[in-house]
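Step one of this worksheet: look at the structure below.
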Amino acid sequence: MSSEIEGTRISIPTEEPRGRCDNIIYDRILSFRYSIRSYLAEFFGTLIFVFFGTGSVAAVTFQPDLRPVGWLLISFGFGFGIAMGIYVSIGISGGHVNPAVTIASAIFRKFPIFHVPFYILSQLLGGICGAALTYFIYMQKFTPYDGGTRKTTGTKSTAGIFATYPDSENTNIVSFFTEVILTTVFLFCIQGFVNTKIPQTTSYTPLAVGLLILVISISFGTMTGFSLNPARDLGPRLFTLMAGWGTNPFTAFSYYFWIPVVGPILGAILGIFLYDCFIIPT
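When we follow this note's numbering, the leftmost residue of the sequence shown carries the number 2, and every step to the right adds one.
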């Protein structure tokens, strides 16, 4: 906007530049949010999965009446929890919600290497936050149950609400290969759900993955707690480190903590490798 005063043209500022500036900032915010939306999808997908899964364990732990069918309820909690997490994220990020899936996809499915560390970080943060939400909801139940001592093993232990721990009769080598085998089967089956050459399978992928988790849990879950997913285990385990359990979740069972991380990664790689070797869709 301008005006003429005694032959001199004087510019008078208006609100338009400020409006354009606001629009630029808003557009940049939108652009940044769009650029990280796949990471946000992985974060929230993993959060939802861990939230429902650990919540089911907490419910069984603090409600004695549920214990006769406790493992079945936990299996359903994690099974349908993963289904909901995948439904939230699959359209944006592919619905990995699992570092083992991300790493195996980078090796065999041309998933961009650049995204791998950011996916894994998002998944771990989602696992931590999902565990934190469960703890917040059940916070007033812990002290009456364990007397104020946050235990990792033994009677009245509560660390198992968040992370996985093996059957006390297992050796770590048996637990390790159990995680490898179960995750191999898990990823092998998933390839049939997500194979783009079989389009009729893709619409029910999240539910199918949830049912797969359910049957693995019911069949073999008591052996190791069926991690199958480093974010599902390491994220909540890190939360227990910060929330009062100390280092015990990492030292218990002869430093078992690495097994639910490394085992699923190797199993995921092996599962996709075997599928590609032996299942050849027409």
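Virtual Cβ for every residue (Gly too), placed ideally from N, Cα, C.
Here the alpha carbons of Q124 and I49 stand approximately 11 Å from one another.
Using a 10 angstroms sphere on the CB of W246, the tally of other CB atoms reaches 16 or more, which defines it as buried.
Between the alpha carbons of F52 and P65 lies a distance of about 21 Å. For P100, the closest of K111, C278, S220 and P265 by C-alpha to C-alpha distance is P265. Look at Y166 here: in three-state DSSP terms it is coil, with no helix or strand label. For S158, the three-state secondary structure derived from DSSP is coil. The closest CA to that of L41, considering only G96, T241 and D28, is found on G96. Judged by DSSP in its simplified three-state form, F137 adopts helix. Under the three-state reduction of DSSP, K142 is assigned to helix. Our two residues, K157 and K111, have alpha carbons roughly 46 Å apart in a direct line. Rounded to whole angstroms, the separation of the alpha carbons of G131 and I83 is 12 Å. Per DSSP, V98 lies in no alpha helix (DSSP H) segment and is marked neither H nor E.
In the three-state reduction of the DSSP assignment, R29 falls in the helix class, which pools H, G and I. If the five residues before and after P113 are omitted, its C-beta is found closer than 8 Å to the C-beta atoms of A107, all from its own chain and listed in chain order. Between the alpha carbons of I25 and E43 lies a gap of roughly 28 Å.
Between the C-alpha atoms of L267 and I138 there is a straight-line separation of about 34 Å. Residue state for R151 is assigned as coil, using DSSP reduced to three classes.
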